[in-house]
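Chains as they are written, first to last, in the UniProt record's numbering: chain H, 1 to 383; chain Z, 1 to 383. Ideal Cβ positions, reconstructed from N, Cα and C, are used throughout, including at glycine. Given the structure is predicted, the values throughout are model-derived calculations rather than measurements. Scroll down for the structure; my scribbles are underneath it.
2 protein chains.
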Amino acid sequence: MTQAVRHNSMRARNLGVVLGEVRRSGPVTRAALAEITGLTKTTVSKMVGDLIEAGMVTESGALRDGERGRPGTAVALSGRRVAALGLEINVDYLSACVVDLTLAVRLRYTQAVDNRTSSPVETLSHLEELAHRAVDEAHGEGLSIAGSTLAVPGPVDGGLVHAAPNLGWHDVRVSDLLDFPVEVDNEANLAALGELWFGSVPGDFLHVSGEIGVGAGLVVGGTLFRGARGLAGELGHVVVSPDGPACRCGGRGCLEQYAGQDALLRAAGLAGVPDGVSTLLAHLHAGERDSLEACERAGQALGVALTSAVHLMDPGTIVLGGVFARLFPWIRGSAHKTMTSRLGVMRRAVPELTVSRLGGDAATLGAAGQVIHRVIADPWSHL
Amino acid sequence: MTQAVRHNSMRARNLGVVLGEVRRSGPVTRAALAEITGLTKTTVSKMVGDLIEAGMVTESGALRDGERGRPGTAVALSGRRVAALGLEINVDYLSACVVDLTLAVRLRYTQAVDNRTSSPVETLSHLEELAHRAVDEAHGEGLSIAGSTLAVPGPVDGGLVHAAPNLGWHDVRVSDLLDFPVEVDNEANLAALGELWFGSVPGDFLHVSGEIGVGAGLVVGGTLFRGARGLAGELGHVVVSPDGPACRCGGRGCLEQYAGQDALLRAAGLAGVPDGVSTLLAHLHAGERDSLEACERAGQALGVALTSAVHLMDPGTIVLGGVFARLFPWIRGSAHKTMTSRLGVMRRAVPELTVSRLGGDAATLGAAGQVIHRVIADPWSHL
């Protein structure tokens, strides 16, 4: 390693240490940053200068420094320049959002489109348009996009979407079909990270993404559990009844066949109705019996699958997101009752069922948030 | 912090660093230890002296030091003094083992006893006898017991066995009923650690403990996954069929009701037969039809539960232990077939089913191994 390379690697490390501390403690004075990080004041000042130039931090008015009693200038994260693009392809919509370095949401687009009837190339071409629109508008606001992550409804293994059965995708390498660089991750994983960073639930939960597919992401101690190959959390294919209806995954009686959005609408007699979930909600509010029963039965199946998930994964709480968040008042009761009757003897406390406030945006927000967290961990690579 | 306390805390840390490195790299010279750890040669020599005195390391003949070409004395872990006691209470046996600091197994006892018919106090009094016998024999060999861990067949929450349904235990605080200090942990967790430290499978697997109860322990990257409250891995109560036979856990159709040892013997027409598993094995070898069918059906149920576990936890491989290890040739086929047909579309590779070489000893070995790993991480507390 030459001396210059070693010097750069040390600067890169220090820059990450300083920016990380600004995120945790900001607004914070340079003196306090030096004290917390153990770096010299000269180093801290140099790093802060670089970060100001990169538009990652900003200096605000005088802040009294508690330790020393002298006023100093406060340094805080800046949302004015660096931002990230979060994207999602789901079965019946595309969405995009732009989040700045302070995790403030700057733009959101959602476009209803049935991606089951189009090829991966067509769907990704629609996504490209949406992404370009979002990036153009972000540029108009003076933002620069540091990177983007795309959420897809299926397991992702090294950038390859091996199977997204609800989209009809097999072995699609997304990055080959887009004209901008993107990282691809599973929708349920990113929704769990969205809940962690943008939601209201503390760091130990199983986030359940109810869409046409059903997925889950387990967060333990503030970290997403991914399993050995990054394929953990496929709650939608947990077996509810081994001889139940055939599922697109090749199995039978998977949770999706009882509590996925399509199954739910079918059970409520609303299959194929445009904007079926809104119609279902109207029926539920009106006390329509088929709709109430469909939700109760979906809640029971969800309770059975969550019983297996709790026995295996031991989550702190369970957060219902996506369509389950909208239907929460009508599915919570039977899901909770099923879990309590099955888990009560073995556990002193059955995990609480709560509702996500993010609804359908969780995955897109998590996708953008993932980029922001990487920028903060390694600002040097984004200067 | 006084200077003396700070000095002791630094010595404690350095002692752990040196002993850890001896475990990883030993036999190793003092010079090499200094180079790897970054400690001065004087500090390393002092630490090695303390560890020799404590009987934790030993000095062997000259070892040529590759770096410098000078011969040095090699330092290695010693199995001569420090040891750990591993204990297990299971439904139909008690067991104990003593493992020394090099993880060599020094003593093993297993005692067949039906713990369903005795109270926690009686069972723990039998265990006490077994433990004292093991400790006495270990003392006779010059070993000193640094600590003990007890494996129990049920979830353990902060030392409390809330429910071990197969033992009929509820809210038993084991340490209050024993005359020696012991840490209590779940049998399936400790069996997974036993497989990690004493078995032959690398660091990413789900270890399934088939006994009268069925449990599992997930190891990811060489670390046991415990969940939010340490209650993860209860594979035996994963729902195979939601309206199936009632289980002692309060649920219905749990895996244990299809593939637990009692259920298997019942299905094979061997309920209540003394040493039923050996009889079952004899029948299987003889090609007896009821026994073959019982194993095939148990394998199918195991395949359904493992399908849910793979979807949720994404293990590297799956290791079958306990009674499943003895029955492996007769349950593997149907379990593998069930998993492949259900998982094949979603995953490029279905996790391999392998067999544990440790059999029924995994939990007891893991219990002792856990103590040894703690001694090596913090030798100062055990001087």
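Could you tell me whether any Cβ in chain H is nearer than 8 Å to the Cβ of serine 60 of chain Z?
-> no
Using a C-beta to C-beta distance shorter than 7 Å, which residues of chain Z count as neighbours of alanine 232 of chain H?
-> Leu312, Met313 and Asp314
Member of H:Ala112, H:Ala298, H:Ser118 and H:Leu150 whose CA lies at the smallest distance from the CA of valine 98 of chain H = H:Leu150
Residues in the segment 195-210 of chain H with C-beta within 8 Å of chain Z's C-beta atoms, listed in sequence order?
-> Asp204
For the alpha helix (DSSP H) holding valine 323 of chain H, just list the boundary residues, first then last.
-> 323-326
Report the neighbours of valine 157 of chain H on chain Z: residues whose CB is nearer than 7 Å to its CB, in chain order.
-> Reading off the sequence shown, one finds aspartate at residue 157 of chain H, where the question assumed valine. Under the 7 Å cutoff, chain Z gives Arg348.
In the structure shown, what three-state DSSP assignment does valine 277 of chain Z receive?
-> helix
Quick one: Cα of leucine 160 of chain Z to Cα of valine 174 of chain Z, how far?
-> 7 Å
How about arginine 332 of chain Z and threonine 307 of chain Z: are their beta carbons less than 8 Å apart?
-> no
When you compare each of Z:Arg357, Z:Ser356 and Z:Asp204 to glycine 316 of chain Z by their alpha carbons, which one comes out closest?
-> Z:Asp204
Among Z:His126, Z:Trp197, Z:Leu255 and Z:Met47, which residue has its Cα nearest to the Cα of alanine 301 of chain Z?
-> Z:Leu255
Who does leucine 84 of chain Z pair with in a DSSP beta bridge?
-> According to the sequence shown, residue 84 of chain Z is alanine rather than leucine. In DSSP, alanine 84 of chain Z forms a bridge with Z:Val99.
Helix, strand or coil: which one does DSSP assign to methionine 1 of chain Z?
-> In this prediction, methionine 1 of chain Z scores a pLDDT of 48, lower than 50, which makes its location untrustworthy; the coordinate-derived value is nonetheless stated afterwards. Of the three classes helix, strand and coil, the one that applies to methionine 1 of chain Z here is coil, per DSSP.
For glycine 154 of chain Z, which of helix, strand or coil comes out of DSSP?
-> coil
Would you mind stating whether leucine 353 of chain H and alanine 335 of chain H have Cβ atoms separated by less than 8 Å?
-> yes
Throw me the rounded Cβ distance for the valine 28 of chain Z and alanine 74 of chain Z pair, which I believe falls under 8 Å.
-> 6 Å
Residue closest to glycine 233 of chain H, alpha-carbon to alpha-carbon, out of H:Leu265, H:Leu193 and H:Ala246 | H:Leu193
Quick one: which residues of the segment 260-293 of chain H get their C-beta closer than 9 Å to a C-beta of chain Z? List them in chain order.
-> none
Relative to the C-alpha of arginine 289 of chain Z, which residue among Z:Val319, Z:Trp330 and Z:Ala271 is closest?
-> Z:Trp330
Spatial distance of glycine 38 of chain Z from serine 25 of chain Z (CA atoms) | 15 Å
Cutoff 6 Å; reference valine 240 of chain Z; Cβ partners in own chain excluding five residues on either side = Gly253, Leu255, Tyr258, Ala301, Val304 and Ala305
Chain Z within 8 Å of threonine 354 of chain H, Cβ atoms only = no
What do you reckon, are the CB atoms on lysine 41 of chain Z and alanine 31 of chain Z nearer than 8 Å?
-> yes
Beta-carbon separation (whole angstroms), glutamate 187 of chain H vs glutamine 261 of chain H, contact threshold 8 Å | Not a contact, Cβ separation roughly 13 Å.
For the beta strand (DSSP E) that contains serine 209 of chain H, what are its first and last residues?
-> 205-210
Under a CB-based cut-off of 8 Å, is leucine 235 of chain Z close to chain H?
-> yes
Residues of the segment 142-173 of chain Z with Cβ closer than 7 Å to any Cβ of chain H, in chain order | Pro155, Asp157, His162, Ala163 and Pro165
Opening and closing residue of the beta strand (DSSP E) in which asparagine 186 of chain Z lies | 183-186
Candidates H:Gly269, H:Glu122 and H:Val219: which alpha carbon is nearest glycine 227 of chain Z's?
-> H:Val219
How would you call proline 351 of chain H, buried or exposed, if buried means at least 16 neighbouring beta carbons within 10 angstroms?
-> buried
Could you say if the segment 115-122 of chain H and the segment 78-85 of chain H meet the contact criterion of at least three C-beta pairs nearer than 8 Å?
-> no
Under a CB-based cut-off of 8 Å, is threonine 223 of chain Z close to chain H?
-> no
Using a beta-carbon distance cut-off of less than 9 Å, what residues from the segment 73-92 of chain H approach chain Z?
-> none
Which of the three DSSP states, helix, strand or coil, is assigned to glycine 69 of chain H?
-> Note that glycine 69 of chain H has pLDDT 49, beneath the 50 cutoff, so the model's placement of it is unreliable and the number below is only indicative. Glycine 69 of chain H falls in the coil class under three-state DSSP.
Applying the criterion that 16 or more other CB atoms from any shown protein chain within 10 Å of the CB defines a buried residue, is glycine 269 of chain Z buried or exposed?
-> exposed
Cα separation between glycine 360 of chain H and proline 155 of chain H?
-> 19 Å
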